[in-house]
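Read left to right, the sequence shown gives residues 20 to 452 (my numbering).
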Amino acid sequence: MITLEALQQAITERIERYNQTDFPVSKRRVQTIDLLECQNHILAEDISSPFNIPRQNVSAMDGYSIAAGSALDADTSIEIVGESQAGSPYTGKLTAGQGVRIFTGAVVPDDGDTVIMQENTNFAEIRESIDKSQPYHITLTQAAKADDNIRKQGEEIAEGEVVLQKGKRLNPADISLLANLGVAKVKVYQPLKVGVMATGDELVAVGQPLQSLAQIYNSNTPTLKTLLAGLPVTIEDYGIIPDNLEQTIATVTTAMNECDVLLSSAGVSVGDYDFLTTVIEQLGKINHYKVAMKPGKPFVFGELLGDSDNKLAKPVLFFGLPGNPLSTLVGTLQLVTPSLWRLSSVSADDMPMVRTVQATLDNDVRKSAGRKDFQRGVLSQNSDGSFTVKAFSKQQSHRIKQLSQANCLIVLAKDSGNLAAGESVTVQPFPWS
Ligand code: AMP
Ligand code: MG
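Here it is, written out as structure tokens:
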């Protein structure tokens, strides 16, 4: 059985080929969307700044802007002849020995070359007696240097400079930058179309009544949709497919003609009613089946290629998740989400990171060697910043209440055996925790 790391590597290599030859990033469709909708979309153009930032020389402080050529020693007296506010600059002339009151972000007068912070003047003593309609004098309480406290025009961003590159996964800080540049619309890659199907005769859609005690609700589809909600994908829901060869063929055929990627849950074990692997082999191929992880062993990675009448223009990548809700969730986090990001045209150095922390086990943990375990637990942070994790004592993959009580996965190496309280383990906090 392939290790999780080897499977992740194999999928990564397949996706790199897909991005280069099957569906080159350079040929992907682009769409223009509003700035406020672009979070987690992938930028499809370089963005260059339409102007300098700062746009002009502006003050970094509240204080006084002093004319070029003025003495700047301690005890110098400066005549204050006006004011420059953010949004309304001082437009008059200044000569040596003169200055204006200025505020953070306000334009430095043409004749000014220094800003003295008000704390370095006698401002506090005279503030009550100042009549702003008349010139008044302030005294420097310490020496200053020309150029102090000025943010120079274009100092951070020059007009025309590329500030964001094609392939960037747009985040709140990028949106701040774009808004500062006045960008209202951005070109992003069109989201990939991801088909989702659940399989199983026992399944009923949430919202419909259960008809017999043998029926259960389809929880995997809502789980998958929620897990993928922050990704640049649109989801096509193919509903629940009964355990029936013809209907499975029909749905997979529709999906492969409509989607870039197909995700399924269940039907990939070796039961008599698990048709999905047969159908994938009929309409494409299985690249990998079963992975040495727990939960989530019966995982399928394959591709749909079409049939004799209808060969697809490009393969549709297929991820077959196991049926157990917990296995679906863990398999999606470890294998599907990273793959969809990789397929999304995001630049290689902007792939989302999998966050892990080292934590001390609070209790003994049972583990048999052979598969990489993702055990559920509750991670907590201690007052010194270190982490402690408590593993649930029962770890079967049908435990759904426990999954909701957990806030992390405890990652235990494939060849590891039992672990004792006090040992250090790697923990993946859930992305939502
Ligand atoms: P299977 O892979 O078809 O053998 O399913 C494994 C287990 O997961 C069985 O107990 C199924 O009833 C359950 N299961 C399969 N699909 C779903 C689903 N969409 N939602 C909830 N449970 C499921
Ligand atoms: Mg089944």
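The beta carbon of each residue, even a glycine, is placed where N, CA and C say it ideally should be.
Distance between beta carbons of residue j and residue i, contact taken as under 8 Å
i, j, result
"Gly321", "Phe337", "4 Å"
"Leu380", "Val444", "6 Å"
"Thr407", "Ala378", "6 Å"
"Tyr155", "Ile99", "5 Å"
"Leu282", "Val225", "Contact flag wrong, Cβ pair sits at about 18 Å."
"Leu62", "Gly186", "7 Å"
"Thr347", "Thr272", "So it is not a contact: roughly 23 Å between Cβ atoms."
"Val287", "Thr267", "Between Thr267 and Val287 the Cβ distance is about 11 Å, and since that is not below 8 Å, they are no contact."
"Gln447", "Arg374", "7 Å"
"Leu428", "Thr356", "Not really, about 13 Å apart at Cβ, beyond 8 Å."
Exposure of residue i, with buried meaning 16 or more beta-carbon neighbours within 10 Å
i, result
"Asp14", "Not covered by the structure: residue 14. The range shown for the chain is 20 to 452."
"Lys244", "exposed"
"Leu340", "buried"
"Trp451", "exposed"
"Met372", "exposed"
"Asp293", "buried"
"His60", "buried"
"Gly219", "buried"
"Ile188", "The amino acid occupying residue 188 in the given sequence is Arg; Ile does not appear at that position. Label assigned to Arg188: buried."
"Ser423", "exposed"
"Ile145", "exposed"
"Ile235", "exposed"
"Lys330", "exposed"
"Gly106", "exposed"
"Leu354", "buried"
"Arg170", "buried"
"Pro210", "buried"
"Gly342", "buried"
"Thr114", "exposed"
"Lys53", "Rather than Lys, the amino acid found at residue 53 in this sequence is Asp. Under this definition Asp53 is an exposed residue."
Collapsed DSSP secondary structure at residue i in the structure displayed
i, result
"Asp383", "coil"
"Leu159", "strand"
"Gly325", "strand"
"Ala432", "coil"
"Phe42", "coil"
"Ile344", "Reading off the sequence, residue 344 comes out as Pro, not Ile. Helix, per DSSP."
"Glu32", "helix"
"Glu98", "strand"
"Phe406", "strand"
"Thr123", "coil"
"Asp392", "strand"
"Leu211", "strand"
"Asn306", "strand"
"Ala425", "coil"
"Asp442", "According to the sequence shown, residue 442 is Glu rather than Asp. Of the three classes helix, strand and coil, the one that applies to Glu442 here is coil, per DSSP."
"Gly350", "helix"
"Ile149", "coil"
"Leu281", "strand"
"Tyr257", "strand"
"Val289", "coil"
"Ser484", "The structure shown does not extend to residue 484, since the chain spans only 20 to 452, so no value can be given for it."
"Pro334", "strand"
"Asp456", "Summary: the structure shown does not reach residue 456, with the chain confined to residues 20 through 452, and so no result is reported for it."
"Met80", "coil"
"Arg188", "strand"
"Gln414", "coil"
"Asp262", "coil"
"Pro448", "strand"
Residues near residue i by beta carbon distance below 7 Å, same chain, minus five either side
i, result
"Gln400", "Phe406"
"Leu64", "Note that residue 64 is Glu in the sequence shown here, rather than Leu. Once the five neighbours on either side are set aside, the close Cβ partners of Glu64 are Lys185 and Lys206."
"Arg361", "Thr31, Ile34 and Met370"
"Phe240", "At residue 240 the sequence reads Thr, which differs from the Phe that was named. Cβ within range, chain order: Val215, Ala217 and Asp256."
"Lys112", "Asp130"
Sequence-distant residues of its chain with Cβ nearer than 6 Å to residue i (five each side left out)
i, result
"Leu222", "Asn237 and Ile259"
"Gln414", "Gln394"
"Ile72", "Glu175 and Ile176"
"Phe411", "Arg395 and Gln421"
"Lys316", "Lys309"
"Lys333", "Asp41 and Phe42"
"Lys313", "Arg390 and Asp392"
"Leu323", "Met275, Leu302, Gly303, Val335 and Phe337"
"Ala165", "Asp132 and Thr133"
Same chain only: Cβ atoms within 8 Å of residue i, ignoring 5 sequence neighbours per side
i, result
"Lys386", "Asp392, Gln394, Leu431, Ser435, Gly436, Asn437 and Leu438"
"Asn139", "Gly82, Leu159, Thr160, Gln161 and Ala163"
"Val213", "Leu247, Val252, Thr253, Ile254, Glu255, Cys278, Asp279, Val280, Leu281, Leu282 and Leu359"
"Gly173", "Asn71, Ile72 and Pro73"
Contact with chain D by residue i, beta-carbon distance below 7 Å
i, result
"Gln104", "As a matter of chain content, chain D is missing from the structure shown, which is built from one protein chain."
Point to revise | contact_flag[the stretch 201-212, the stretch 106-119] where n(CB pairs < 8 Å) is 3 or more | key: The answer is no - the stretch 106-119 does not touch the stretch 201-212, with fewer than three Cβ pairs under 8 Å.
**Study point:** Contact between the stretch 68-82 and the stretch 90-97 (3+ Cβ pairs under 8 Å)
**Key:** Because the criterion of three Cβ pairs below 8 Å is not met, the stretch 68-82 and the stretch 90-97 do not touch.
Point to revise | contact_flag[the stretch 254-261, the stretch 364-373] where n(CB pairs < 8 Å) is 3 or more | key: At 8 Å Cβ cutoff, the stretches do not touch.
Review point. Would you say the stretch 144-155 touches the stretch 121-133, given that touching needs at least three Cβ pairs under 8 Å?
Key: Result no; under three Cβ-Cβ pairs closer than 8 Å.
Check your understanding: Three or more beta-carbon pairs under 8 Å between the stretch 306-317 and the stretch 169-186, yes or no?
Key -> The stretch 306-317 makes no contact with the stretch 169-186; the number of CB pairs closer than 8 Å stays below 3.
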